[in-house]
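Structure first, commentary second.
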Amino acid sequence: MTWHGSAVVLACGLSAASYTSAQAPPGKVPAPRHIGTMTAFWQNRPMVDRWLVNGGGLQGETPKHMTLVRFLGGWNRNWTNGEVKPGTSTEDYDLAYRGDDGKIHYRWGLAKGRLDPYVKAGCGITIVLDNTPWCFRSKEGKGPYGNADPPTSFEEWGAFIEELCRQLVQFYGADMVNQWRFRMGTECQGKARFTGTQDEFHKLYDYAADAVKRVLPSAKFGPFNLAGNPTGPNVSFNKLVEHCAAETNHATGKVGAPVDFASVSIYTSPSLLRDILRTTNPQFKAQQKIDFWNGLSEKWPQLAEISREVHEFGILGNEFKAGSGEPGARGDAWYFHLMMTLFEGGMDRLYLWDHRGWLFSFLEQTVGSEAYSLKPTLEPVEQDVNALPDDLKAIATFERPQELAKPGGLFVKSVAFVQDDRTFVITSAYHEDRFVTDPVDVTVTLPKSLLPAAETPRIRFAAMTRTGSKYYHIRQDLAAAGLLDATFAAVPGLLSKGMLGPRNSPGRELVAKNSAKYRDIEEDLRTLKPFDGGVEAVGDGQKITFRMAPPSVMVVVLDNSGSD
């Protein structure tokens, strides 16, 4: 395969056209850029509707913060699982209902049942005020997740939210609930999530915000997480912010409404029917959201310090429509590049549907360190495809669908995390074209200020490579046993949890039988080994070179010997 040098993007976001000029003169160390003190910004999770009552999302590591989506009810009438018991209507699970007397009544016991698991686990809470209960619907209530209509009466809506807040105080105390947050809606820019007009959304927002702030003056309140264009197509996020900043509040009659955070959704869902390269480009995805946040603070300076957040994040599928999630090196490399670019852009929180064990096992060790964006240099390595092992050769020589004929780009992201006696250098190599296997030699230069105090620090590494993850080994084992689904067998190297097959299938039985083997693989991947790359003194710093083939993530750890 050929090296697409024109498509390389470096950690600082420069294209290949400028990467050669970024190389420092001999003896001069390229200056890293300080991007902040590392936080555990990813230790948050969303959970939805009928799965709240059993503490969904609390399995494994307890999140610091939970966003509870469709908490109020108004659920899709066809749902019959989770909290919804067979033979019952989803309307029975709404927190508000209209009685025979025509008045609104409440089911506060349902609210407590949905909240208790998260409160007892010590999680911070964001309650999402979306899917208005069915008793408030003003039209047909059509939406993929339930009632997406504005309420018939905004006064009734406001009274409902105010009474909800008072009940929360009774359940958990004012001190706790004043630390909670409320989000008005989910991805409401389109009619799938809100069928009303721009003005109706302003009313929905104003009445809810006023109700929350009257009972909980310290609670945070903010708009829906934006997925797409901030100008619409139905509700314009920008017009909402302008309303909150300068227009008369429909509930209070005064100018203004709170905007305490700005959140977005970020997914990749590649398709052969769309521009796949733009869909999976991690730099484009991150910069798009950073530009959105920066645009808010430039137009409305009073929003410059509000929290920048990603409330939904992940890989929805692949271009072959075979499962989802991208477990292994491709997913880890995409996650790292995107997350650290967002962190550089001022992101404060990110909510994950699930954590990627290997990558986060190292990121968790960097919390509290000072993070620096590095400027790696890349040297392509000529590859003899015929010398590759059969599995990699099949990937490298795969005949792409016509839609993938356009060359993709390689994205390399490198960040140093500096502690008192230890420095982590984490580097990801992600290629938009999953079938590119060409390696590159990556060189990062660390000035003395980023190195441990030892004159000759110990250097070790761990790496997640294309063939390293347990899911790659699972695929190989399924194929060897004749149990790999034909959809996956047709695309070499394609990974997904879906390739295991349905519950109780022979494939899952094989994986269960080999579970000890896969645990050993995971443990070995997390074990630091002696560094076998190049190390060279440059000025008072060190130049470190290692070889990477996309997709992969390299973790290099420099420390004082014995400082584990």
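Its first residue numbered 1, the sequence shown is counted upward by one per residue in our numbering. Glycine included, each C-beta is placed from N, C-alpha and C at the ideal position.
- Per DSSP, Y97 is not a residue of any alpha helix (DSSP H); the beta strand (DSSP E) it occupies stretches across 96-98.
- Counting only residues of its own chain and dropping the five nearest sequence neighbours on each side, E536 has a CB closer than 6 Å to the CB of K543.
- By the CB criterion at 8 Å, H337 and P401 fall outside the cutoff.
- Straight across, the Cα-Cα distance linking P447 with L410 is about 26 Å.
- Annotated three-state conformation of D210 is helix, per DSSP.
- The residues V177, V215, L216, in chain order, have a CB closer than 8 Å to that of V169 in the same chain once the five nearest residues on each side in sequence are set aside.
- Within the same chain, Q189, Q198, P230 come within 8 Å of S236 by CB-CB distance, once the 5 residues on both sides are set aside.
- Straight across, the Cα-Cα distance linking I127 with V53 is about 14 Å.
- Ranking Q419, H431, T377 by CA distance to the CA of K406 puts H431 first.
- With respect to T377, T456 sits apart: the two C-beta atoms are not nearer than 8 Å.
- By the C-beta criterion, the segment 84-91 is judged not to be in contact with the segment 101-117, since fewer than 3 inter-stretch pairs fall below 8 Å.
- Leaving aside the five residues that flank L483 on each side, the residues in its chain whose CB is nearer than 7 Å to its CB run, in chain order, P506, G507, L510.
- Taken in chain order, the complete beta strand (DSSP E) segments of 3 residues or longer contained in the segment 398-425 are 410-418.
- Contact between P144 and H311 is ruled out by a C-beta separation of about 18 Å, above the 8 Å threshold.
- When A322, W334, D260 are compared, the shortest CA-CA separation from A304 is found for D260.
- In this structure, A111 sits near L95, with a CB-CB distance shorter than 8 Å.
- The criterion of a C-beta distance shorter than 8 Å is satisfied by N44 and L350.
- For Y372, no alpha helix (DSSP H) encloses it; the enclosing beta strand (DSSP E) starts and ends at 370-373.
- Of the other Cβ atoms in all chains shown, fewer than 16 fall within 10 Å of the Cβ of S218; this residue is therefore exposed.
- Classified as buried, A148 has 16 or more neighbouring CB atoms from the shown chains inside 10 Å of its CB.
- Across the structure, R356 and T279 are spaced so that their CA atoms are roughly 21 Å apart.
- DSSP places N44 in the strand class (E or B) of the three-state scheme.
- Between G493 and I395, the gap from beta carbon to beta carbon is short of 8 Å.
- By the neighbour-count criterion, in which a residue is buried when 16 or more other Cβ atoms sit within 10 angstroms of its Cβ, K203 is buried.
- Put simply, the backbone Cα of K299 is about 38 Å away from that of V553.
- At least 8 Å separates the beta-carbon of L388 from that of A416.
- Ranked by how close their Cα comes to the Cα of L272, the residues T437, F320, C244, P530 have F320 in first place.
- Counting along the chain, no alpha helix (DSSP H) covers I306, and no H or E run does either.
- DSSP, reduced to helix, strand and coil, places Y351 within a strand of the structure shown.
- Around the C-beta of V556, 16 or more other C-beta atoms lie within 10 Å, and the residue is accordingly described as buried.
- The alpha-carbon of G113 is positioned some 17 Å away from that of Q59.
- Residues L303, A304 of the same chain have their beta carbon placed closer than 6 Å to that of S297, with the five preceding and five following residues left out of the count.
- L164 counts as buried, since at least 16 other C-beta atoms from the protein chains shown sit within 10 angstroms of its C-beta.
- With respect to the 8 Å criterion, H243 and Y207 are not classified as neighbours on the basis of their beta carbons.
- Secondary structure note for Y106: its beta strand (DSSP E) is the uninterrupted segment 104-106.
- DSSP places Y267 inside the beta strand (DSSP E), whose first and last residues are 261-268.
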